[in-house]
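Engineer:
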Amino acid sequence: MIDRDHTLPISRQAKALNISRGAVYYKPRPVSDADLQIMRRIDELHLEHPFMGARSWAPGCCATC
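Quick note: our numbering has the sequence shown finishing at residue 812, numbered continuously throughout.
(1) Please classify I766: does DSSP put it in a helix, a strand, or coil?
(2) Taking the C-alpha atoms as reference points, what is the distance between R776 and Q760?
(3) With distances taken from CA atoms, which of R787, M748 and V778 is nearest R768?
(4) State the Cα-Cα distance for the pair L783 and H753, rounded to the nearest angstrom.
(5) So, are the CB atoms of V771 and I757 less than 7 Å apart?
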């Protein structure tokens with residue numbers, strides 16, 4: 748996709764591919780175990796109570812994590 752050794756600058760390559768130049772340099776960070784546990788709990792609550800909004804179950808969400 749992007750060739751860093753090509754004579755065409757990275758910014759021009761990104762423009763030709765219709766992607767932002769920042770996306771070329773972006774390196775995702777790993778998600779911590781604590782964040783995964785919180786996201787898992789949010790998913791469980793949403794599946795148990797799909798009719799409730801975030802404001803309704805947010806106070807009890809992290810109390811059990």
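No residue lacks a Cβ here, since even glycine has one placed at the ideal position from N, Cα and C.
Note that this is a predicted model, so its numbers are computed, not measured.
Structural biologist: Looking at the coordinates:
(1) Correct three-state label for I766: coil.
(2) For R776 and Q760, the distance between alpha carbons rounds to 25 Å.
(3) The shortest C-alpha separation from R768 is found at M748.
(4) A straight line joining the alpha-carbon of L783 with that of H753 spans about 39 Å.
(5) Against a cut-off of 7 Å, the Cβ pair of I757 and V771 comes out as a contact.
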